[in-house]
Structures are given as C-alpha cells and as structure tokens.
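Notes follow once the structure below has been shown.
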Amino acid sequence: MSDSPAARLQKLFEGHRLTPTQRRIAHCMVRGAAEVPFLSSVELAELAGVSQPSVTRFAVALGFDGYPALRRHLREVAPAERRPEATQEDAYNEYQQAVQGEIENLRQLAAMLADPSPVQEAGRLLAASTPLPVLGLRAASSQARGFAYFAAKVHPDVRLLDEGGSMLDDRIDAAVSAGASALLCFALPRHPREVVDVLERSRRAGLTVVTVADSAFAPVARHSDLLIPAPVGTGLAFDTACAPMLLGRVLLEAMADALPDAQARLEAFDARAAARGLFVE
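Mapped onto my numbering, the consecutive letters of the sequence shown carry residue numbers 1 to 281.
Take a look at the structure:
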C-alpha cells in the first residue's frame with residue numbers, strides 16, 4: 001500500500017458512509033493532500049465549493065469533535081511540507097498549468113500503483129470473463145473505446161458499450177447469457193445517471209463490476225465491486241483524463257498477464273497484419 005499523504009488520507013475516509021457533499025470534500029482533500037493540513041475550514045470549504053458548515057459536519061461524520069480536531073489529526077497522519085507561496089508554477093501560463101496538473105495526477109497514480117494487488121485482481125477478473133463487456137458513456141466513451149480496441153487483440157470476445165439507451169440493457173443481458181462474469185466500467189465526470197443504473201442492473205445480473213473512476217468517492221463507487229481511482233485534470237474548460245487512460249493501459253497489461261494465450265494472439269495478429277500490409281513501415 002502506498003504511504004503517500006494522499007493514500008493516508010484515502011485510508012482515513014474508508015469505511016465511512018459519506019453524503020455526496022462529503023464525498024466532494026474528501027475528494028478535494030485527497031487531491032490537495034499536501035496543502036489540506038494547513039487550511040482553515042473556510043479555506044477548505046471554498047476549495048471544495050461547499051459551505052463552511054458542511055466541512056464541520058464532514059469532520060463530525062469522520063468521528064472528530066470538529067474541524068480543528070480533524071486538522072490536528074491530518075498533521076499527524078499526512079504530514080507534508082507546505083509548498084512555498086511563490087513557486088515556478090506561478091510563472092506558468094494556463095496551458096502549462098493544465099499540463100503540470102496532469103503531471104501531478106500521474107504522480108498520484110504512480111503512488112497508488114505501489115500496491116499492485118488491486119490492478120492484478122482486476123486483471124484476473126477481466127481475463128476470466130468471456131465475453132468481456134466494457135462500458136463508457138459520454139466523457140468516458142473514448143476511454144472505453146481505447147481499452148476495447150487493444151483488449152480485442154488479446155481477449156477472445158470484447159464487447160464495447162459506449163452508447164446509452166434502451167438497447168444497452170439488452171446488450172448487458174446478451175453478454176450475461178453468453179457467459180460474461182465481469183464488466184469493466186470507465187466512469188468520468190460528469191457522471192451520467194444512466195451509468196449508475198446500468199451498474200446496478202449488471203450486479204443484479206451477477207456481473208462483477210470493475211470500475212476506473214476519477215475518485216474513490218465518485219457516485220459509481222457503491223455500485224462497483226472493485227474501484228480503482230485515477231484523478232482527472234480540471235484546469236481547462238473540459239476535464240483532461242491522462243491518468244484514467246494510463247490506468248486503462250495498466251489494466252490491459254494485467255489482463256494480458258492473466259490470459260495464457262495473450263502472446264500467441266498478439267503474434268498471430270502481427271502475422272496477419274504483415275500479410276495484409278496493414279501498417280506503413
């Protein structure tokens with residue numbers, strides 16, 4: 001398990017039933033783990049976009065007398081040196097700041113992957129499911145499509161679910177009837193209500209749901225059997241998702257490791273591609 005400040009904060013929140021507003025505060029705290037122990041309740045509320053009383057209620061929900069007690073605890077369990085007020089980041093323009101934000105997201109992902117067991121377990125679950133449905137709607141559709149494209153080169157039956165509507169239920173039912181045991185979901189903000197509904201029905205149908213989401217506190221969390229978080233960037237008008245994309249490739253690697261004939265399938269594809277002159281050398 002990673003011992004980064006963010007990971008220690010994440011562990012603090014585990015096991016608590018949090019409201020959507022409280023999940024938002026928790027997500028904000030994990031993203032700003034280095035700064036949070038130095039923030040007042042008003043500053044944290046402003047950063048998370050909630051009211052100051054919401055921060056106080058959040059602290060009480062975690063078992064503390066109030067926010068000051070929570071902050072003292074944070075300075076013990078997630079100590080980190082506060083960044084200097086003036087840094088190189090101050091000289092970056094808005095585009096550079098967005099890139100720097102994504103670099104920090106990738107650092108968080110690397111720290112989380114210090115414990116590879118969740119990804120390895122996900123790889124085993126995905127490899128064992130034939131067919132393998134891969135779900136991603138709206139903002140997450142490109143993540144699902146990218147995973148499905150590469151997964152089809154090593155997995156015998158990958159079924160991309162990137163369009164909503166009434167047919168989606170039919171396709172889930174067809175996958176279950178064909179023998180599917182797991183479903184991979186990419187869930188990114190803003191989270192469509194339809195995704196939550198689909199995950200509920202998928203679990204009722206007997207599928208084990210593996211989810212890549214922007215936070216362990218995302219709305220899909222309680223509808224997932226195994227959720228692996230990867231933060232998104234929010235520095236531009238539209239969110240950026242480098243970390244979720246990379247996590248998808250890591251899951252591909254773990255799944256391929258769990259498939260006994262993955263290498264043979266890759267070699268067979270390369271042979272067919274060469275015979276067809278598929279790629280320009």
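Each residue gets a CB set at the ideal place from its N, CA and C atoms; glycine is no exception.
Query raised in the report: Can you name the residues that DSSP bridges to Ile228?
Result: Val212
Report task. Could you give the DSSP three-state label for Pro116: helix, strand or coil? Result -> coil
Report task. Say whether chain B places a C-beta atom closer than 8 Å to the C-beta of Leu252. Result -> Considering every chain present, this structure includes no chain B. It has just one protein chain.
**Report entry** Straight-line Cα distance separating Leu207 from Val198
**Finding:** 11 Å
Requested in this report: Drop a sphere of 10 angstroms on the beta-carbon of Ile228, count the other beta-carbons inside from all chains shown, and report buried for 16 or more, exposed for fewer.
Outcome: buried
Query raised in the report: Who pairs with Cys339 in a beta bridge, going by DSSP?
Result: This structure cannot settle anything about residue 339, because the visible part of the chain is limited to 1 through 281.
Query - Runs of alpha helix (DSSP H) wholly within the region 136-202 (minimum 4 residues, chain order) - result: 141-151, 166-177
**Report entry** Expected contact under 8 Å - CB spacing of Pro294 and Ala26 to nearest Å
**Finding:** Since the first and last residues shown for the chain are 1 and 281, residue 294 lies out of range.
Query raised in the report: Any contact of the region 247-266 with the region 115-126, i.e. 3+ C-beta pairs under 8 Å?
Result: yes
**Report entry** Neighbourhood of Leu266 by C-beta distance below 7 Å, restricted to the same chain and skipping five residues each side
**Finding:** Lys153, Val154
**Report entry** Pairwise C-alpha distance: Ser224 and Leu285
**Finding:** Nothing about residue 285 can be reported from this structure: the residues present for the chain run from 1 to 281 only.
Report task. Could you check if Thr19 is buried or exposed, using at least 16 other CB atoms within 10 Å of its CB as the buried criterion? Result -> exposed
Query raised in the report: For Leu47, which residues of its own chain have a beta-carbon under 6 Å away from its beta-carbon, when the five flanking residues on both sides are left out?
Result: Cys28
Report task. With DSSP as the reference, please indicate the residues paired to Thr240 in a beta bridge. Result -> Gly233
Query raised in the report: Distance, Cα to Cα, Asp162 vs Val60?
Result: 40 Å
Query raised in the report: Given that a residue counts as buried once 16 or more other Cβ atoms are within 10 Å of its Cβ, and exposed if not, what is Gly248?
Result: buried
**Report entry** For Asn105 and Asn93, the rounded distance between their alpha carbons
**Finding:** 18 Å
**Report entry** Option in Ile103, Gly165, Val176, Arg23 with minimal Cα separation from Leu246
**Finding:** Ile103
**Report entry** Inter-residue Cα distance where the pair is His191 and Glu281
**Finding:** 41 Å
Report task. Taking the CB atoms as reference points, tell me whether Phe186 and Ala151 lie closer together than 8 Å. Result -> no
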